[in-house]
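Below: one structure, written as structure tokens.
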Amino acid sequence: MDERTRSTPARQIGLGPATRLECGICWTVYDPALGDEVWQIPPGTPFSELPPHWTCPNCAAEQRSFLPLDD
Ligand SMILES: [Zn+2]
1429 MDERTRSTPA
1439 RQIGLGPATR
1449 LECGICWTVY
1459 DPALGDEVWQ
1469 IPPGTPFSEL
1479 PPHWTCPNCA
1489 AEQRSFLPLD
1499 D
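In this text, residue positions in the sequence shown follow the numbering used here: the first is 1429, and each later residue adds one.
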């Protein structure tokens, strides 16, 4: 167990590995199944494992501006 890699802010809102999140500013959706071409994030990367400097590829909003989507 390595708690350090799990202590991201996103964890506080109970994100699952496949949870999609929507930018609260421009409504761009981050889908873990697709990753992010802009940031060269490979498909299969959970939101909680995005690099700390990742921001919205459309409007540069911070990760905390993203809201989880319910399937
Ligand atoms: Zn945005």
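Backbone N, C-alpha and C fix where the C-beta goes; we use that ideal spot for every residue, glycine too. Small disclaimer: the values here were computed from a predicted structure and weren't measured.
Next on the checklist: Just to check my reading of the structure: P1496 and L1449 have Cβ atoms closer than 8 Å, yes? What is that Cβ distance to the nearest angstrom?
Outcome noted: At roughly 5 Å, the Cβ-Cβ gap stays under 8 Å, so P1496 and L1449 are in contact.
Checklist entry - What do you reckon, are the CB atoms on P1460 and P1480 nearer than 7 Å? => result Taking 7 Å as the cut-off, the beta carbon of P1460 is found no closer than this to the beta carbon of P1480.
Next on the checklist: Are there any heavy atoms of ligand 1 lying less than 6 Å away from the beta-carbon of P1483, as far as the coordinates show?
Outcome noted: Sequence inspection shows Thr at residue 1483; the Pro mentioned does not correspond to that position. Flag unset: Cβ of T1483 not near ligand 1.
Checklist entry - What are the boundary residues of the beta strand (DSSP E) that includes L1449? => result Residues 1449-1451.
Item to check | Residues bridged to V1466 (per DSSP) | outcome: V1466 is not bridged by DSSP to any residue.
Next on the checklist: Against chain B, does E1465 count as a neighbour if the rule is that its beta carbon must be under 7 Å from one of theirs?
Outcome noted: This model lacks chain B altogether; it includes just one protein chain.
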